[in-house]
Structures are given as structure tokens and as C-alpha cells.
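Reviewing the structure listed below.
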Amino acid sequence: MYTQALNTAESDDRALEDAAKAAQFQARIDAEERIEPNDWMPAAYRKTLTRQISQHAHSEIVGMLPEGNWITRAPTLRRKAALLAKVQDECGHGLYLYAAAETLGASREELVDAMLAGKAKYSSIFNYPTLTWADIGTIGWLVDGAAIMNQIPLCRCSYGPYARAMIRVCKEESFHQRQGYEIMLTLCRGSDEQKAMAQDALNRWWWPVLMMFGPPDAASQHSDTSTRWKIKRFSNDELRQKFVDATVPQAQYLGLSIPDPGMIQDADGHWRYSQIDWTEFKQVLAGNGPCNRDRMAARRKAHEDGAWVREAAAAYAAKRGQRQSAQAAE
Amino acid sequence: MAVANIQVSETPLVLYVLRRADDALILGHRLSEWCGHAPMLEEDMALSNIALDLIGQARELYSYAAKVEGKDNDEDKLAYLRDVRQYRNLLLVEQPNGDFAQTLVRQLFYSGFADLYWRAMMGSGDATLAAIAAKSEKESAYHLRHASEWIIRLGDGTEESHRRAQAAIDQLWAFTGEMFAVDDGERHLIDAGVAIDPASLRGRWFAALSDVVGEATLELPQNDWMQQGGRSGRHSEHLGHLLSELQSMQRTFPGLTW
Chain G
6 MYTQALNTAE SDDRALEDAA KAAQFQARID AEERIEPNDW MPAAYRKTLT
56 RQISQHAHSE IVGMLPEGNW ITRAPTLRRK AALLAKVQDE CGHGLYLYAA
106 AETLGASREE LVDAMLAGKA KYSSIFNYPT LTWADIGTIG WLVDGAAIMN
156 QIPLCRCSYG PYARAMIRVC KEESFHQRQG YEIMLTLCRG SDEQKAMAQD
206 ALNRWWWPVL MMFGPPDAAS QHSDTSTRWK IKRFSNDELR QKFVDATVPQ
256 AQYLGLSIPD PGMIQDADGH WRYSQIDWTE FKQVLAGNGP CNRDRMAARR
306 KAHEDGAWVR EAAAAYAAKR GQRQSAQAAE
Chain A
-3 MAVANIQVSE TPLVLYVLRR ADDALILGHR LSEWCGHAPM LEEDMALSNI
47 ALDLIGQARE LYSYAAKVEG KDNDEDKLAY LRDVRQYRNL LLVEQPNGDF
97 AQTLVRQLFY SGFADLYWRA MMGSGDATLA AIAAKSEKES AYHLRHASEW
147 IIRLGDGTEE SHRRAQAAID QLWAFTGEMF AVDDGERHLI DAGVAIDPAS
197 LRGRWFAALS DVVGEATLEL PQNDWMQQGG RSGRHSEHLG HLLSELQSMQ
247 RTFPGLTW
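Following this line, the structure appears as C-alpha cells:
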């Protein structure tokens, strides 16, 4: 997930391109064919996807930080191993997605540099802090749950490498989601203190998670092109509603209350939620969330502290290459 | 609210298993501190992977120690409810991560030893230890390869990486001797064919290490004064901080299921 809220299609510059090629391209999309890296594609399609996939990759990497915050404090060895494995999976997703973005002609270095320079976005959700162990359960349950809601349609995205990456990522996310829910279940069946911890975490994460799906459809200006290109198959509000409908019974099973007293179930069975505070969402996107600065500082520090290691690896590889050529010449 | 430490009946076999378990957990914990902060994503993956292997080894060893002890303890009580003086790990593994060179030199020293040790342990007369060793040996072989390749890259990389790698070796060398020390209880288990005599591995450990360090254009220190104490609970100041983090949940919320 983690990109829906952020992606904006590039201005439509198809006029500059061969109209016949563009028509053929759209026909392939309409026929549900997959576009592959060597195929012709409109420049704006390439640019939109590069941005979306790299934002997704950045989100996976920044997303390691809030959960990584609890690896050293996980309450049991089993939980510690599971959390470490989960965060490692996210890193793997990031790597996999950067590779998918590279098939569009961007390099991982330039994409990462753009993120570190604050020019590229990542999901707003990771700018919230993990304060208690219940936050780890809640992130698995809700954040990964929301991610799955968004990513399952992306498994049918028109761009082949992205769609294939999503199939694998979805399998792992779905495991994470169950793991998170199981943490919540354990807390909710535990002591009063544990149950209160679970409720407090749900209270803090609920609204930010709903914001993950992006602005309401009425305010979303850029979905048309992505929809026509079959990068996006459902609107923000459609996905948000699916998520809410799936989540409310899960919360009921846990015995937790969704922090939305105005929520009601309509005649069609859909849970109608109250107005989302979009001011908060805009503030977080603008860099003013509780952890934006910490997250960027942590990523920059890792990058800067690791520079000498990457330089050493490159220098060694160059030396070894020279020695091998020298040997071959003898 | 203070939570009492558990008491462990440290028979020679319980103590022997606990020492190996503590080595694995503490080093696994240290490596897990890198997750999200490594010099490149591939190393976030690799260091997490090694940490997971080590935590997995620790869990099996703790469970076995608890079984041998035959009291009310289990893997989590052994990990979360003993304090610094009850921990039995090597001083080497509790040393802070430092920079990437220090982490990898620590790993090279330990994995070079662990690889030989687990391989020998596969022949233990204790079937459980032999089975744990068979799994751990495969993992340690990979850990050793990973660390060796990095030390060669760092040593023979840039001037800065060479300097950092040499500094890490100089810093950690004095903690390597403890790996080969044996007390009376352990000697008894060695004679019974249960435990491995680490002294018998020292020559091969040193030879393999010298090869890697030589290829890396680095040097092993000449000094042979070695720090000891971890095996009997006399640790560096670093371990207490690690444990206060590791154990914070179990100490704050005693007796709950997570």
C-alpha cells in the first residue's frame, strides 16, 4: 500500500507522442494485457508508476522504523522473533519494489536520494509513534489490513513487474495482518491493563489508518488517468468503505470499541463512519506529523553513517576487478 | 513494582546450556538493534537474518535448559527474569555494536568459533545438543562467510574502512580468549562426551581467522591479555542496559501472557 494517498498523475502529455502508439497502448490496457518493461508506454504512464512504486518502496523502508522501535523490547522471545522477521519482510518488500521501479529506468540511488532530500513522499501512517506493545498488534491488524485492501487490486495492475511484486507482497502482508490480530486477541483476553492498552492503541490509530486511503473521492482530482491506465481499480472511498466493513466485526470480536460514537450500520450493511479530520492528514503530509522529523532523521543518519561502508564495498569491488583483469592479461 | 528474579539450579549441564543460550540471545539482540539502521538495505536483511538464527538457537537452548532443570522455568523466564549477575554469556557478544566494522569483527570472532564448536557438538553424546548443533552449524557457516567477506571488503576497501576495521579488531581482541576457557563443571561434561573442549578448536579458529585477516590486509594484535568473567556473571557495564531494554515489558507487567 501506502501510495494511494499520494500519487498524482502527471499532466497528460500524450499529445507529444505518437497518437497511434498511444491508442494501441490503451487498447492493450483495455484488453487487460500486462505492460512489460520493454514495451512502449506513454511517458506519463512511466512517470506515474515510477512515482507510485518508489513511494511504496519508501513507505516499506520508513515503515520499518515504528515497528523496529519494539524489536528490542518485545515481551517474549516468540514475539521478538516474529516482529524481527516481519520488519525484515518489509525491508524485502522495499528492495523488491525498488527493483520494480528500476525496470522503469530509475535507479534505486536516485529514488532513495529523492526521499532523503524530502522530495519524495511515503505513507503518512508511519509518522505516528508506537508507544506501547499494543501498537505493534494494531499496526499489524489495521495498517497491514488497510495495505492489503489497497494492494489486492494492485495485483491486477496493468504494469507487469508491479503486479507481480504485489502478489508476493500480499501473501506476506496477509500473514502479518493475522499475526497483528493475534497479538490483539491475546491482549484482549488478558488482564484489564492489557485490554486497556489494546483499546488505547485502537483509539490512537483508527483515524490515521482511515486516512491511509487518501482524500475523499470528491476532493481527489487525479484518479482519472490512473483508472484509465488500470493502475488504480477502486476509488479511495470505495477501498476505505471495504476496509471499515471488514474491520468493524473484527473489533467487535475483540471486544474493542471503534472510537467513532457516530458510526452506524446502514440498511445495506455498510458501516457509516463520521467525518475524517482532513486537516490533520494535510498537516502530516506537509511534514508536521508527530514523527516526520524523527523518521527522516533516522533514515538520513543510517544513510550517512553507512556511506563509508558502501564506499569500501565499491572500492574493494573495483580493486578486485582490476586484479582479475591484470591476471587475465598475464 | 519490582519483579523478583527467578532462581536457576545451575547443575553443570544446565549451566553449560544456559551459557550457549545466553551467547546466542545477547548477540542476536545486539544484531537486531541494526534493523532499520544498517548501511544498506541488503545488510538490514542480512543482519536481521543472522539475529533471527541466533534468537532461534537461544530459544531451543533455553527450552532444553529448562527441561534439564526440571523446575517451573521456561525460555521466557530464563531470558526475561534473570539479572546481569545471572547471565552467563561471553563478554564479547554483549559489546556494543559500535560502527559496522565493530559489529562485523565481533561476528567474525564469534562465528568463526561457533561454526567449529557446533560442528564438533554434532558428535555430542547428548542427543538434544547434537540436534541443536546440527541446525546451528549450518547457520553459523553462513554467518561466518558473511562476516569474513565483509572484513575482507572493509580491510582492503578504503583507507577509512581499513582504519575502522583495524580499530575494531584492536578493540575486541581481548574478549576472544574467554571463548576457549573451561571451568571444572564443564571439564566434567567434556570428559563425559557431552560438551566440547573449546581448547581443541583454538588452533583451527586462529588459522582460519588469520587467513581472513591477512587477506583483508589487517593484523591481529600481539597482546595476549584476555578479559574474562562473563561465564560467571561478571560482565561489562553494557549488559545491564541491554537487559533493562530486553526485559522492560516482563519487568513492568509481571506474570502476564503476551
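Chains as they are written, first to last, in the working numbering: chain G, 6 to 335; chain A, -3 to 254.
Note that beta-carbon positions come from the ideal geometry of N, C-alpha and C, so glycine has one too.
Since we're looking at a predicted model, the values are computed, not measured.
Buried or exposed (CB count within 10 angstroms, at least 16 for buried), residue i
| i | result |
| --- | --- |
| Asn293/G | exposed |
| Ser144/A | buried |
| Asp140/G | buried |
| Asn219/A | exposed |
| Asn74/G | buried |
| His237/A | exposed |
| Tyr127/G | buried |
| Tyr60/A | buried |
| Tyr258/G | exposed |
| Thr55/G | buried |
| Asp40/A | buried |
| Leu11/G | Bear in mind that a pLDDT of 48 at Leu11/G, under 50, signals an unreliable position, so the model cannot answer this. |
| Ala24/G | exposed |
| Glu155/A | exposed |
| Thr99/A | buried |
| Met6/G | Annotation note: pLDDT 46 at Met6/G (below 50); position unreliable, coordinate value reported separately. Flag for Met6/G reads buried. |
| Asp111/A | buried |
| Trp257/A | Since the first residue of chain A shown is -3 and the last is 254, residue 257/A is not available in this structure. |
| Ala152/G | buried |
| Gln3/A | exposed |
| Lys324/G | exposed |
| Asp180/A | exposed |
| Asp149/G | buried |
Residue i: contacting residues in chain A (beta-carbon distance under 8 Å)
| i | result |
| --- | --- |
| Val92/G | Cys31, Gly32 and Ser44 |
| Lys124/G | None at all; the shortest Cβ gap to chain A is about 19 Å. |
| Asp207/G | Checking the sequence shown, residue 207/G turns out to be Leu, not Asp. Within 8 Å Cβ-Cβ: nothing; Leu207/G doesn't reach chain A, min ~17 Å. |
| Gly97/G | Met41 |
Contact set between residue i and chain G, taken where Cβ atoms lie within less than 7 Å
| i | result |
| --- | --- |
| Gln53/A | In chain order: nothing, as chain G lies at least about 11 Å away. |
| His237/A | Near His237/A there are no residues of chain G at all, since even the closest Cβ is about 11 Å away, more than 7 Å. |
| Trp221/A | The premise fails here: Trp221/A is roughly 30 Å from chain G at the closest Cβ pair, so nothing lies under 7 Å. |
| Ser28/A | Ile76, Thr77 and Leu89 |
| Thr253/A | Thr191 and Gly195 |
| Ala75/A | Leu82 |
| Arg149/A | Ala317, Ala318 and Tyr321 |
Contact belief for residue i with residue j at Cβ below 8 Å, rounded distance in angstroms
| i | j | result |
| --- | --- | --- |
| Leu207/G | Thr143/G | 6 Å |
| Ala62/G | Tyr103/G | 5 Å |
| Val10/A | Val64/A | 5 Å |
| Val190/A | Gly121/A | 5 Å |
| Leu140/A | Gly119/A | Contact doesn't hold; Cβ gap of about 20 Å is too wide. |
| Val80/A | Leu235/A | 5 Å |
| Leu152/A | Thr213/A | The displayed chain sequence assigns Asp, not Leu, to residue 152/A. Going by Cβ atoms, the distance from Asp152/A to Thr213/A rounds to 5 Å, so yes, they are a contact pair. |
Chain-ordered chain G contacts of residue i [CB-CB under 8 Å]
| i | result |
| --- | --- |
| Leu9/A | Within chain G, no residue comes near Leu9/A; the closest Cβ sits about 21 Å away, beyond 8 Å. |
| Thr154/A | Trp313, Glu316, Ala317 and Ala320 |
| Leu242/A | Thr77 and Arg78 |
| Met245/A | Arg78, Ala79, Pro80 and Trp138 |
Amino acids of chain A, ordered along the chain, whose beta-carbon sits closer than 7 Å to that of residue i
| i | result |
| --- | --- |
| Leu70/G | Gly32 |
| Gln57/G | Those within 7 Å of Gln57/G in chain A number zero; the least Cβ separation is about 19 Å. |
| Glu198/G | Phe249 |
| Thr81/G | Asp72 and Trp254 |
| Cys2/G | One cannot answer for residue 2/G here, as it falls past the ends of chain G, which runs 6 to 335. |
| Lys176/G | Result: empty, since nearest Cβ-Cβ is about 18 Å, beyond 7 Å. |
Partners in chain G for residue i, counting only beta-carbon separations shorter than 9 Å
| i | result |
| --- | --- |
| Leu48/A | Ala86, Leu89, Ala90 and Gln93 |
| Ser157/A | Trp313, Val314, Glu316, Ala317, Ala318, Ala320 and Tyr321 |
Any non-hydrogen atom of the ligand ATP closer than 8 Å to residue i Cβ
| i | result |
| --- | --- |
| Ala318/G | This structure simply doesn't include the ligand ATP, nor any ligand for that matter. |
Listed by chain order, chain A residues near residue i by CB distance under 9 Å
| i | result |
| --- | --- |
| Gly303/G | First, the amino acid is wrong: residue 303/G is Ala here, not Gly. Gly32 and His33, listed in chain order. |
| Ile310/G | It should be pointed out that residue 310/G corresponds to Asp in this sequence rather than to Ile. The answer, in chain order, is His33, Pro35, Asp95 and Phe96. |
| Leu261/G | Within chain A, no residue comes near Leu261/G; the closest Cβ sits about 17 Å away, beyond 9 Å. |
| Ala324/G | Before going further, note that residue 324/G is Lys rather than Ala in the sequence given. Near Lys324/G (Cβ distances below 9 Å), the residues of chain A are Asp152 and Gly153. |
Cβ contact check for the region 154 to 170 of chain G and the region 34 to 47 of chain G: 3 or more pairs under 8 Å: Touching, yes.
Any 3 or more C-beta pairs closer than 8 Å across the region 44 to 62 of chain A and the region 17 to 25 of chain A: Contact between the region 44 to 62 of chain A and the region 17 to 25 of chain A is established, with three or more Cβ pairs separated by less than 8 Å.
contact_flag[the region 220 to 234 of chain A, the region 78 to 88 of chain A] where n(CB pairs < 8 Å) is 3 or more: The region 220 to 234 of chain A is in contact with the region 78 to 88 of chain A.
Minimum length 4: unbroken alpha helix (DSSP H) runs contained in the region 216 to 287 of chain G: For the region 216 to 287 of chain G, whole alpha helix (DSSP H) runs of length 4 or above, ordered along the chain, are 228 to 233 and 241 to 259.
Segment contact, 8 Å Cβ cut-off, at least three pairs: the region 299 to 314 of chain G with the region 154 to 163 of chain A: As far as the Cβ criterion goes, the region 299 to 314 of chain G touches the region 154 to 163 of chain A, which means the pair count is three or higher.
Alpha helix (DSSP H) runs wholly inside the region 118 to 168 of chain G, at least 4 long, in chain order: As far as the region 118 to 168 of chain G is concerned, its whole alpha helix (DSSP H) runs of at least 4 residues are 138 to 143 and 149 to 159.
Completely contained alpha helix (DSSP H) runs for the region 196 to 234 of chain A, where each covers 4 or more residues: Runs of the alpha helix (DSSP H) inside the region 196 to 234 of chain A: 198 to 211.
Contact between the region 240 to 252 of chain G and the region 181 to 197 of chain G (3+ Cβ pairs under 8 Å): Flag = no, the region 240 to 252 of chain G and the region 181 to 197 of chain G do not touch.
contact_flag[the region 24 to 31 of chain A, the region 88 to 101 of chain A] where n(CB pairs < 8 Å) is 3 or more: Between the region 24 to 31 of chain A and the region 88 to 101 of chain A there are three or more inter-stretch CB-CB distances shorter than 8 Å, so the stretches are counted as touching.
Stretch pair the region 242 to 250 of chain A + the region 187 to 207 of chain A: three plus CB contacts closer than 8 Å: Pairwise C-beta distances place the region 242 to 250 of chain A out of contact with the region 187 to 207 of chain A, as fewer than three of them are shorter than 8 Å.
Inside the region 16 to 72 of chain A only - alpha helix (DSSP H) runs reaching at least 4 residues: Restricting attention to alpha helix (DSSP H) runs no shorter than 4 residues, the region 16 to 72 of chain A encloses them at 37 to 65, ordered along the chain.
Length-filtered (3 minimum) beta strand (DSSP E) runs lying within the region 74 to 114 of chain G: For secondary structure counted as the beta strand (DSSP E) over 3 or more consecutive residues, the region 74 to 114 of chain G holds no complete run.
Segments assigned alpha helix (DSSP H), at least 4 residues, entirely inside the region 27 to 74 of chain G: Within the region 27 to 74 of chain G, the complete alpha helix (DSSP H) segments of 4 residues or longer fall at 48 to 67 and 69 to 73, listed in chain order.
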